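Heads up: the sequence lines are chains Z and C, in that order. 1 is the number of the first residue of the first sequence in this note's numbering; add one for each residue after it. 1001 is the number of the first residue of the second sequence in this note's numbering; add one for each residue after it. Ideal Cβ placement from N, Cα and C applies to all residues, glycine included. None of these values were measured; they are calculated from a predicted model. Just below is one structure, and these are the notes that go with it.
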Amino acid sequence: MSVGFVMLCHTALDRAAEVARHWAKQGCPVVIHVDSRVRYRLVREMRDELSDVRKLVKFSPRYRCQWGGWNLVAATQAASQVMLKTFPDVQHVYLCSGSCLPLRPAADLIAYLQDRPDTDFIESVTTEEVGWTIGGLNIERFRLFFPFSWRRHRRLFDMSVRLQRRLGIRRRIPSGMVPHLGSQWWCLSRRTLTAILDNPERQAHDRYFSRVWIPDESYFQTLVRRYSTAIESRSLTLFKFDFQGKPHIFYDDHIPLLRRSDCFVARKAWAHADELYETFLGDCPEGVQRSEPNPGRIDRLFSAARERRLRGRAGLYNQGRFPVDNFENGKTAGPYSMFQGFSDLMPDFPDWLAKVTESRVHGHLFAPGRAEFSGGDTIIEGGLSDSASLRDYNPKSFLTSLIWNTTPERQCFQFGPADNQKLNGFIAADPNAQISVISGAWAVPLYRSGLPFSEIRREAARLQRIEMEFLELLSRHWVKARVRVWNLSEFLDDPLELLQLLVEEIAPRLRPRLTQPPEIVDLAGFGRFLQDLRNQGMQPMVMGDYPANDQFHTPDRHGHPLLVS
Amino acid sequence: MKPSAQTARVAFSLFLRRIRLLRRAMRHRHDLTAVRDVTAGIHPEAILGFACIRNERLRLPYFLDHARRLGINHFLVVDNGSDDGSLEYLAEQPDISLWQTGAGYKASRFGVDWTTWLQARYGHGHWCLTLDADELLIYPHWETRDLRALTGWLDGQGQPMFPAMMLDLFPKGPLTAHPYAAGDDPLVHLHWFDHGNYSVQVQPRMRNFWIQGGPRSRALLADPRRGPTLNKVPLVRWRRDYVYVNSTHSLLPARLNRFYAEDGGEQASGVLLHTKFLSSAPERSGIEKARGEHFFDSSLFSGYYDALIADPDLWHRHAQRFQGWRHLEALGLMSRGGWV
């Protein structure tokens, strides 16, 4: 009782020969098929090299195999027949490729198969349930004609498929046959394989499948459903495909991972991975391990790679990842908050917020003079400089770098109409942003500045225009940020409740209970100041109904946050 | 991009530009005199290294060792009038074909005309790695997988190029405080870098990538627009009608600059460790400033040279220490993409 290996080879014959010798040395017969495109000289060298084990290593008739073509199946059939005929002891036939690498001793595999003498290990899934087919063709693989090569004449291939769909062309699937698909690397019992190969209807089967697309993934997978009594729908070979459907390659640095997988055979090994081949083709340990294959760790590693390749890390912009607008999977790396008007009204607001929420609170990051990092730093994480010219050269990179460099710490910063406004659209469209605005608060420092009134009036008009543009932007339908806008009067009406709302959102785990807001500057005379502006012909529009006597907290007024998004 | 009259016009003008650059490289081949030509021994599968150097005797030993370790089989080097023994040193190496020229560096587009000619002549069909002597390429898994593995994988992916961003390394303290001797590992002295102050954008015309920033923008240059271009495409499966446009920052045909994913995914990329700030940098800057061969308009960069000559300390509290490629990947400077 033994297992025999059928190897399909087309490159790196020296490695294939090493593997064949490895199996043969452990008493397992091997039948090698070499693609007929390989030069004769190379095949002769391979034969010569394996001459000392020629009793157990046979060569089967050569076919010219192309991806997705019938000859791959024909080659497998021929090699399997050689195997069944020449080695009557063989109870299971294991199909592998020349770049497959044995991970465990043959004795382990033999013991494993002896425990399951009639089981056929072949991935075989109905066409409705496959999610991984190339080109999106499932059942149509069996129903259409494929005169053009998918690899070489992609356009003609697609056109012919479309044309046949349009014309409603359908091949008849032979009766009694239910199309199944699956990996081409199987391990079948002698009984099932004989039933498939010595079947009186084989000619009809072959004729039908020779025109099916990629028959190596469907011929045995379909027929085994008819003749097998016990199917384990999985492959004993460990293989992984990347997102393009190309097999992942194993290198020297995968040795620990492969060893822990407990799989029998892995596909595919890099031909120049000397250490890998030395390790797994070395002397086999004594005794039989009966552990089940466990590719879980490898699965996780490769699905993480797939995720990284396809979705990337949110908020990262580098040489390999520069997503176009709205394909970012996260414009920034983490949540952050932008406050407009708060520090104008409450000069201690940044320090207070930092203490209450335990996040990092910067001053005006987009101030005209410099980026006001917290603590007055000139360089912060990542070497980000406070230089206004560097920041304004590429504000988007500035902000995304800041957030990326400081994750997971939450960043808060002050903003205002006097700051650089270039990035407003980006921030408004970013779901990570929390934008809170007290509109009109910019007038408070202006009022207290003591500048000549004509200058104040001009500046007030400019800032109001900028703020109104910003508010207009924040009310667009595509805004994804969490936006809250209060006007000055609404905020002053009940500052504590509104601040509580914001603080809870920034630090949900701390759940700080506010008892006292930070100190609000003395506003005596501000109502009069607004009236003066009006009298001078400048209409203050963003402050709301600010009472002329600066008195709030009348019982009939309540500030409601205007939740825009 | 949808085909339109505009894109067709850009494509045509880029085509003309490529032809012009190729013809220019053809003309400049007369600048070169072969010192040692062993190109006949290049194996069809060989991975080739190209470089144009001047007075790099100090860096060359380690530079060549590193490239050999990566699996470069044959180097094709142009020496632009070295007088510090670089030429003699290179001529002794068995795996180097060497050309010499005394012609102007600026007049040959900073050496690109010469290397373009060599690439067209000897690089066709080969994977070609084009480096400056102060660049050390690293890529995902580079310690365990050589360039054959990387290029084999790229071939399988149908990707004929591999990008690597330049990462300026700097020492802690003034540059001259860490004297460097030929053959030393430069990373012993230079192992600090900035990881998150880069400006990333896409140029509209050729739609190629533009990364600027790092310590040079932060500390040495006044105008961020003049910040050094850091993106490079050093590794390309060459065809004789390809051409580098400026240094190895971008190539024509323009599709070779499309190495980044636009759908949010991450493509594989590497890093060129830039050892410019060795102890010799201040002295070298004085010489370069006097020669005026390194920028089209060197007067714009006199402030930069002066800052370098003043032997600055580029280190800061948040500088990161180099700990290998996985660290760089975690910081977001490179990525293994789908290559595990």
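If we ignore side chains and look at the alpha-carbon of each, how far apart do residue i and residue j end up?
{"i": "D550 of chain Z", "j": "F526 of chain Z", "result": "7 Å"}
{"i": "D430 of chain Z", "j": "A1177 of chain C", "result": "46 Å"}
{"i": "D274 of chain Z", "j": "L181 of chain Z", "result": "34 Å"}
{"i": "Q1212 of chain C", "j": "N394 of chain Z", "result": "10 Å"}
{"i": "A111 of chain Z", "j": "V288 of chain Z", "result": "7 Å"}
{"i": "W67 of chain Z", "j": "I214 of chain Z", "result": "7 Å"}
{"i": "K422 of chain Z", "j": "S1199 of chain C", "result": "15 Å"}
{"i": "V503 of chain Z", "j": "P518 of chain Z", "result": "13 Å"}
{"i": "R557 of chain Z", "j": "E490 of chain Z", "result": "Note that R557 of chain Z scores 46 on pLDDT, short of 50, meaning its location in the model is unreliable and no value can be drawn from it."}
{"i": "R211 of chain Z", "j": "H205 of chain Z", "result": "11 Å"}
{"i": "D198 of chain Z", "j": "R207 of chain Z", "result": "15 Å"}
{"i": "T229 of chain Z", "j": "S124 of chain Z", "result": "14 Å"}
{"i": "C28 of chain Z", "j": "Y227 of chain Z", "result": "25 Å"}
{"i": "G168 of chain Z", "j": "C187 of chain Z", "result": "37 Å"}
{"i": "S565 of chain Z", "j": "W442 of chain Z", "result": "Any reading at S565 of chain Z must be qualified, since the residue scores a pLDDT of 47, below 50, and its modelled position is unreliable; no value is offered."}
{"i": "L1150 of chain C", "j": "D89 of chain Z", "result": "43 Å"}
{"i": "A1071 of chain C", "j": "I1047 of chain C", "result": "In the sequence on display, residue 1071 of chain C carries Gly and not Ala. Cα to Cα, G1071 of chain C sits roughly 7 Å from I1047 of chain C."}
{"i": "P1282 of chain C", "j": "R1054 of chain C", "result": "16 Å"}
{"i": "W1238 of chain C", "j": "K355 of chain Z", "result": "58 Å"}
{"i": "V1233 of chain C", "j": "I1138 of chain C", "result": "13 Å"}
{"i": "V485 of chain Z", "j": "Q414 of chain Z", "result": "15 Å"}
{"i": "N487 of chain Z", "j": "G1173 of chain C", "result": "51 Å"}
Going by DSSP, what residues sit across from residue i in a beta bridge?
{"i": "E232 of chain Z", "result": "Z:F121"}
{"i": "R1036 of chain C", "result": "C:L1098"}
{"i": "P102 of chain Z", "result": "Z:V265"}
{"i": "N1386 of chain C", "result": "Look at the range of chain C in this structure, 1001 to 1340, and you will see that residue 1386 of chain C is not part of it."}
{"i": "W70 of chain Z", "result": "According to DSSP, W70 of chain Z bridges with nothing at all."}
{"i": "N1246 of chain C", "result": "C:S1250"}
{"i": "M338 of chain Z", "result": "Z:F413 and Z:I435"}
Measuring only between beta-carbons, confirm whether residue i sits less than 8 Å from chain Z.
{"i": "N1055 of chain C", "result": "no"}
{"i": "Y1304 of chain C", "result": "no"}
{"i": "R1148 of chain C", "result": "yes"}
{"i": "G1041 of chain C", "result": "no"}
{"i": "W1153 of chain C", "result": "yes"}
{"i": "H1195 of chain C", "result": "yes"}
{"i": "N1208 of chain C", "result": "no"}
{"i": "Y1244 of chain C", "result": "no"}
{"i": "H984 of chain C", "result": "Here chain C has residues from 1001 to 1340 only, and residue 984 of chain C is not among them."}
{"i": "A1261 of chain C", "result": "yes"}
{"i": "V1340 of chain C", "result": "yes"}
{"i": "Y1139 of chain C", "result": "no"}
I want to see whether chain C comes within less than 8 Å of residue i, judged by CB atoms only; does it?
{"i": "W270 of chain Z", "result": "yes"}
{"i": "E455 of chain Z", "result": "no"}
{"i": "D556 of chain Z", "result": "Legend: pLDDT at D556 of chain Z = 47, less than 50; position of this residue unreliable, no value from coordinates given."}
{"i": "F322 of chain Z", "result": "yes"}
{"i": "Y63 of chain Z", "result": "no"}
{"i": "G559 of chain Z", "result": "Confidence is the limiting factor: at G559 of chain Z the pLDDT is only 48, short of 50, which leaves the residue's position unreliable and the question unanswerable from this model."}
{"i": "D252 of chain Z", "result": "yes"}
{"i": "E328 of chain Z", "result": "yes"}
{"i": "D242 of chain Z", "result": "yes"}
{"i": "K246 of chain Z", "result": "yes"}
{"i": "F302 of chain Z", "result": "yes"}
Using a threshold of 8 Å, state whether the C-beta atoms of residue i and residue j are closer than that.
{"i": "G1337 of chain C", "j": "E1262 of chain C", "result": "no"}
{"i": "V31 of chain Z", "j": "A79 of chain Z", "result": "yes"}
{"i": "L1278 of chain C", "j": "H1189 of chain C", "result": "yes"}
{"i": "V1243 of chain C", "j": "L1076 of chain C", "result": "no"}
{"i": "V73 of chain Z", "j": "G4 of chain Z", "result": "no"}
{"i": "L390 of chain Z", "j": "S401 of chain Z", "result": "no"}
{"i": "E1293 of chain C", "j": "P1140 of chain C", "result": "no"}
{"i": "S387 of chain Z", "j": "A271 of chain Z", "result": "no"}
{"i": "P295 of chain Z", "j": "S261 of chain Z", "result": "yes"}
{"i": "V1245 of chain C", "j": "L1256 of chain C", "result": "no"}
{"i": "F241 of chain Z", "j": "L103 of chain Z", "result": "no"}
{"i": "L84 of chain Z", "j": "R191 of chain Z", "result": "no"}
Just to check my reading of the structure: residue i and residue j have Cβ atoms closer than 8 Å, yes? What is that Cβ distance to the nearest angstrom?
{"i": "I427 of chain Z", "j": "M338 of chain Z", "result": "6 Å"}
Discussion item. Any C-beta of chain B within less than 7 Å: which residues of the region 389-420 of chain Z qualify?
Written reply: Looking at the structure shown, chain B is missing, and the protein chains on hand are Z and C.
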